[in-house]
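Student: There's a structure below that I have some questions on.
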Amino acid sequence: MKYVKRTDCSTIEELFLRNQGVACLNDVTEWFRRYNRDEYRLDGIDKVADIIHKLDSDKPIIISGDYDVDGITSTAIIYLTLSWLGFKNVKIFIPNRFTDGFGINDKVFDMSKDGLIMTVDNGIAQTELIKKAKDLGYTVIVTDHHEPGLDDNGYPVIPNADVVIDPCAIPGQADFSGYCGAGIAFKIARRLLNNDPEKRQILLSLACLGTVCDVMELTEENYVFVRHGLKCLKQRNTTTSGVYALVQAFNLADTVTAHDCGFNLGPAINAVSRMLGDATEAMDLLKFDGPFEHARKDAAKLLSINNTRKQATQEAYRYLKDLIEEKDYAKKAPIIVYLQGISEGLPGILAGRICEEYRVPSIVLTDSTIPGILKGSARSLDGYHMKDHLDKVSYLLEEYGGHAGAAGLSLREENLSVLRDSLVGLNDFIKISDKDIIEYDLETDLKDIKDCLMEMDRFEPFGEGNPAPVFKVKGFMPKQDKFGRRIQLCGSDLTTVRLQSTHGTAIGFNMSSMVKEINESIPMTLYGTLSWNYFNGKKEPQIEFVGIENEDMAA
Numbered sequence: 117m118k119y120v121k122r123t124d125c126s127t128i129e130e131l132f133l134r135n136q137g138v139a140c141l142n143d144v145t146e147w148f149r150r151y152n153r154d155e156y157r158l159d160g161i162d163k164v165a166d167i168i169h170k171l172d173s174d175k176p177i178i179i180s181g182d183y184d185v186d187g188i189t190s191t192a193i194i195y196l197t198l199s200w201l202g203f204k205n206v207k208i209f210i211p212n213r214f215t216d217g218f219g220i221n222d223k224v225f226d227m228s229k230d231g232l233i234m235t236v237d238n239g240i241a242q243t244e245l246i247k248k249a250k251d252l253g254y255t256v257i258v259t260d261h262h263e264p265g266l267d268d269n270g271y272p273v274i275p276n277a278d279v280v281i282d283p284c285a286i287p288g289q290a291d292f293s294g295y296c297g298a299g300i301a302f303k304i305a306r307r308l309l310n311n312d313p314e315k316r317q318i319l320l321s322l323a324c325l326g327t328v329c330d331v332m333e334l335t336e337e338n339y340v341f342v343r344h345g346l347k348c349l350k351q352r353n354t355t356t357s358g359v360y361a362l363v364q365a366f367n368l369a370d371t372v373t374a375h376d377c378g379f380n381l382g383p384a385i386n387a388v389s390r391m392l393g394d395a396t397e398a399m400d401l402l403k404f405d406g407p408f409e410h411a412r413k414d415a416a417k418l419l420s421i422n423n424t425r426k427q428a429t430q431e432a433y434r435y436l437k438d439l440i441e442e443k444d445y446a447k448k449a450p451i452i453v454y455l456q457g458i459s460e461g462l463p464g465i466l467a468g469r470i471c472e473e474y475r476v477p478s479i480v481l482t483d484s485t486i487p488g489i490l491k492g493s494a495r496s497l498d499g500y501h502m503k504d505h506l507d508k509v510s511y512l513l514e515e516y517g518g519h520a521g522a523a524g525l526s527l528r529e530e531n532l533s534v535l536r537d538s539l540v541g542l543n544d545f546i547k548i549s550d551k552d553i554i555e556y557d558l559e560t561d562l563k564d565i566k567d568c569l570m571e572m573d574r575f576e577p578f579g580e581g582n583p584a585p586v587f588k589v590k591g592f593m594p595k596q597d598k599f600g601r602r603i604q605l606c607g608s609d610l611t612t613v614r615l616q617s618t619h620g621t622a623i624g625f626n627m628s629s630m631v632k633e634i635n636e637s638i639p640m641t642l643y644g645t646l647s648w649n650y651f652n653g654k655k656e657p658q659i660e661f662v663g664i665e666n667e668d669m670a671a
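Those letters in the sequence shown? Residues 117 to 671, per the working numbering, in order.
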């Protein structure tokens, strides 16, 4: 294994500034100033506010959202806002993941024969249905952050709604175009509520969840949303009782981080539609602000559903890996695999894991509720724009949509082999990272990791666009446990490695093979990220390592 320092940065601050593309911390401070003054421009918000403020309080309003975390938090933000404004006839449409597919559909017309339809996190590519809604007499507001559909000549088509807000589809519509659906919904809500500080905090907690879980870049106003929003998630009076119950169910009260949003809270919210199709239970929990004991019971149910989802995912992934190896799919891009008998909600997770492990764009398909139709999800890497590639084979697909990094699609089963041949034949992309090289950013001694973590707290949140530093940690000498072991193998398959030292713990997932060559009686150098580990009321530094070598071997 070879370890390579990937930048010339020597401090956490220097690395942070480099990742954010700014010259100094004053530039970041200016993001907060602009947020506080509500100076990040997003055209169309004033028109939306004007339409809504002129509506009678009994006028029907339909919020059309989506079944993922971004769609649910977007919907909750607008629903709570309209409720606080006194609207009495607000209805929510969230499509069923299995039977409805993505976005708005004809079912919204059965909910009310007139009124306002407002899409959140969807709608930009559904021009025909928006036209139908306008022809039927509805007022339509489209808010989205996805790419628009294309006409026969390849030009983008924008729906003919009363207002369309989508900075990714309309060039120059915003000062910053990196918002997710929840971020756009928050900005609209903030204007509608005249920047009410108490209500703003509650909605910001939801915008934070949506931004992190939709893997948006944590820069500019997104960075502000998440930094402030994480503080709101930690307190009962600055988020809904439903959201806070979910935070408590994971034992994250007072400690929740962006990583916790992406790897604990978000998957639990998504698990409802992944396993049941219908996301109603997740939607109801996030917008619920009633008795806490009621919220606690509903949060526990989400955890139970999520645990079922985890088990199903593990079983399916083991089978998929065997299939990929057997068919030698990993040598071509993208990897396209079809797996029968799994929930329609799992392909996205599975495609993401395949993409991460094999470093190749991936598509996972399974059977849909319609005989003969396969349905699935795609995930990609830098350098391979998934939506653009699907555009080139759209004649083989029944439906599809997405962006550079992810997409959803459906096709007839008889077109599967043609799709695989066509996409593989379009390019020679193979981006398989050299697994014998591990890159790191900064160096430190084990005794200094607590100081490093305190310094990192200044630059949280870490995530997309602002990745947590990878450290080379020198001088790690594991302590013996009660059985005399310095290296502990954990987990159901004994592939997780746990180490304990006087300055903190270390954990390495799927690292059992690497530690076989380690002499446990000699100090070690670990390569990985740092975080605080909270257990039994105690807080201590932890290294999540991806590389390990003995001190005398380290370069």
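We treat Cβ as the ideally placed atom computed from N, Cα and C, and that holds for glycine.
#1: Can you tell me the Cα-Cα spacing of Lys-315 and Leu-309, whole angstroms?
#2: Which complete alpha helix (DSSP H) runs does the region 304-369 hold, if anything under 4 residues is left out?
#3: Would DSSP call Phe-214 helix, strand or coil?
#4: Buried or exposed, going by whether 16 or more other CB atoms sit within 10 Å of the CB of Met-572?
#5: Using a threshold of 8 Å, state whether the C-beta atoms of Ile-385 and Val-236 are closer than that.
#6: Classify Gly-70: buried if its beta carbon has 16 or more other beta carbons within 10 angstroms, exposed otherwise.
#7: Over what stretch of residues does the alpha helix (DSSP H) that includes Glu-441 continue unbroken?
#8: Glu-185 lies in the alpha helix (DSSP H); which residues open and close that run?
#9: How long is the line joining the alpha carbons of Arg-352 and Gly-217, rounded to whole angstroms?
#10: What's the gap between the Cα of Leu-539 and the Cα of Val-589?
#11: Please determine whether the Cβ atom of Val-342 lies at a distance below 7 Å from any heavy atom of the ligand HEM.
#12: Rounding to the nearest angstrom, what Cα-Cα distance links Lys-403 and Ser-510 in this structure?
#13: How far does the beta strand (DSSP E) with Tyr-556 in it extend, from its first residue to its last?
#14: Can the beta-carbon of Val-586 be found closer than 8 Å to that of Gly-644?
#15: What is the rounded straight-line gap between the Cα of Met-502 and the Cα of Ala-622?
#16: How far does the beta strand (DSSP E) with Ala-622 in it reach, from first residue to last?
#17: Assuming Tyr-195 and Ile-179 are in contact, meaning their beta carbons sit under 8 Å apart, how far apart are those beta carbons, in whole angstroms?
#18: Helix or strand or just coil, what does DSSP make of Gly-382?
#19: Closest to Lys-250 by C-alpha separation, out of Pro-264, Val-224, Asp-567, Asp-267, would be which residue?
#20: On the three-state DSSP scale, how would you describe Arg-601?
#21: Let me know if Thr-120 comes out buried or exposed under the rule of 16 or more other beta-carbons within 10 Å of its beta-carbon.
#22: Would you mind working out which of Gln-658, Met-227, Glu-472, Ala-365 sits nearest Ala-446, comparing C-alpha positions?
#23: Would DSSP call Ile-565 helix, strand or coil?
#24: Expressed to the nearest angstrom, what Euclidean distance is found between the alpha-carbon atoms of Glu-409 and Asp-291?
#25: Which of the three DSSP states is assigned to Arg-122 in this structure?
#26: Tell me whether Ser-389 sits in a helix, a strand or coil according to DSSP, three-state version.
#27: Using the DSSP secondary-structure output, state which residues sit across from Val-280 in a beta bridge.
#28: Tell me where the alpha helix (DSSP H) around Gly-468 begins and ends.
#29: Kindly list the residues whose CB is nearer than 6 Å to the CB of Glu-337, restricted to its own chain and excluding five residues on each side of it in sequence; keep chain order.
Tutor: Considering the structure as presented:
#1: Cα-Cα distance, rounded: 8 Å.
#2: Counting only runs of 4 or more, we get 313-329, 336-349, 357-365.
#3: coil
#4: buried
#5: Between Ile-385 and Val-236, the C-beta gap is not smaller than 8 Å, which leaves the two residues out of contact.
#6: With the chain covering only 117 through 671, there is no way to say anything about residue 70.
#7: 408-443
#8: First, the amino acid is wrong: residue 185 is Val here, not Glu. From DSSP, the alpha helix (DSSP H) with Val-185 extends over 185-200.
#9: Cα to Cα, the separation comes out at about 34 Å.
#10: Distance between the alpha carbons of Leu-539 and Val-589: 43 Å.
#11: Among the components of this structure there are no ligands whatsoever, and the ligand HEM is therefore not found.
#12: 37 Å
#13: 553-556
#14: yes
#15: 36 Å
#16: 620-624 is the span of the beta strand (DSSP E), which, as asked, contains Ala-622.
#17: 6 Å
#18: helix
#19: Val-224
#20: If DSSP states are grouped into helix, strand and coil, Arg-601 belongs with coil.
#21: The displayed chain sequence assigns Val, not Thr, to residue 120. Result: exposed.
#22: Glu-472
#23: helix
#24: 42 Å
#25: coil
#26: Residue state, collapsed to three classes: helix.
#27: Val-258
#28: 463-474
#29: Tyr-151, Tyr-156, Phe-292
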